[in-house]
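S.K.: Here it is, the structure, as structure tokens.
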Amino acid sequence: MASTAMDLVAAAKQQITEVDVAQAKTLVTKSLVLDVREPGEFAAGSLPGAVNIPRGVLEFKIDSHPAFQGKQHEEILVYCLTGGRSALAVEVLQKLGWSKTVSLAGGFNGWQQADGEVVTPAA
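Per this note's numbering, the very first residue in the sequence shown carries number -16; after that it's consecutive.
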């Protein structure tokens, strides 16, 4: 029987670390923050200091992105809209050697619901 996308997310969540919004609020001030949503989602608002690399190109872009070059051993808080894409992203980042990656449980939606600071690009 074939796996569904949600099966893959559930399996990934068994292999990674997720943090809640309270933990993320601490991490956002001292870690790299990676937004794996699409550019349009990112443009509508993001966590402070976040860098956008969409999930679909993450494996190809992370090593060459200036914000992440040479930083494989630094803490990275990864998020998406609800926590699915970020779970998959953290799983693959760990396979690529990024050992200190965590996923934001509940994603950007959970962050906003907990009154987390949201920034938008300057017009």
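Backbone N, C-alpha and C fix where the C-beta goes; we use that ideal spot for every residue, glycine too.
1. Please state if the CB of Val61 and the CB of Val85 are separated by a distance shorter than 8 angstroms.
2. Can you tell me whether Asp3 is buried or exposed, with buried defined as 16 or more other CB within 10 angstroms of its CB?
3. Give me the Cβ distance between Glu1 and Ala88, rounded to the nearest whole Å; I'm assuming they're in contact under 8 angstroms.
4. Spell out the partners DSSP gives Glu1 in its beta bridges.
5. Please name the residue in Gln(-3), Ile36, Gly66 and Gln55 whose C-alpha comes closest to that of Pro22.
6. Just to confirm my understanding: we take Thr50, look at its own chain, exclude 5 residues before and 5 after, and list those with CB closer than 7 angstroms. What are they?
7. Roughly how many angstroms lie between the CA atoms of Val73 and Met(-16), to the nearest whole one?
8. So for Ile36, helix, strand or coil by DSSP?
9. Thinking C-alpha only, which one of Arg68, Trp94, Gln95 and Gln(-2) is nearest Met(-11)?
10. Do Ile59 and Trp81 count as a contact pair if the criterion is CB distance below 8 angstroms?
11. Looking at the strands, I want to know which residues DSSP matches up with Asp(-10).
12. Gln6 to Gly66, Cα distance in whole Å?
13. Tell me, please, which residues DSSP counts as bridged to Ile45.
M.R.: Taking the geometry as given:
1. Cβ distance < 8 angstroms, so Val85 and Val61 count as in contact.
2. An exposed status is given to Asp3, since fewer than 16 other beta-carbon atoms sit within 10 Å of its beta-carbon.
3. Yes, they are in contact, since the Cβ atoms of Glu1 and Ala88 sit about 4 angstroms apart, within 8 angstroms.
4. Partner(s): Ser86.
5. Among Gln(-3), Ile36, Gly66 and Gln55, the Cα nearest to that of Pro22 is on Ile36.
6. Rather than Thr, the amino acid found at residue 50 in this sequence is Ala. Excluding residues up to 5 positions away in sequence, Leu15 and Val34 lie with their Cβ nearer than 7 angstroms to the Cβ of Ala50 in the same chain.
7. CA-to-CA, the gap between Val73 and Met(-16) works out to about 25 angstroms.
8. Correct three-state label for Ile36: coil.
9. If we check each option's Cα against that of Met(-11), Arg68 comes out closest.
10. Yes, the Cβ-Cβ distance between Trp81 and Ile59 is below 8 angstroms.
11. Its beta-bridge partners do not exist; DSSP assigns none.
12. Linking Gln6 to Gly66 through their CA atoms gives a straight-line distance of about 15 angstroms.
13. Answer by DSSP bridge pairing: none, since Ile45 is not bridged.
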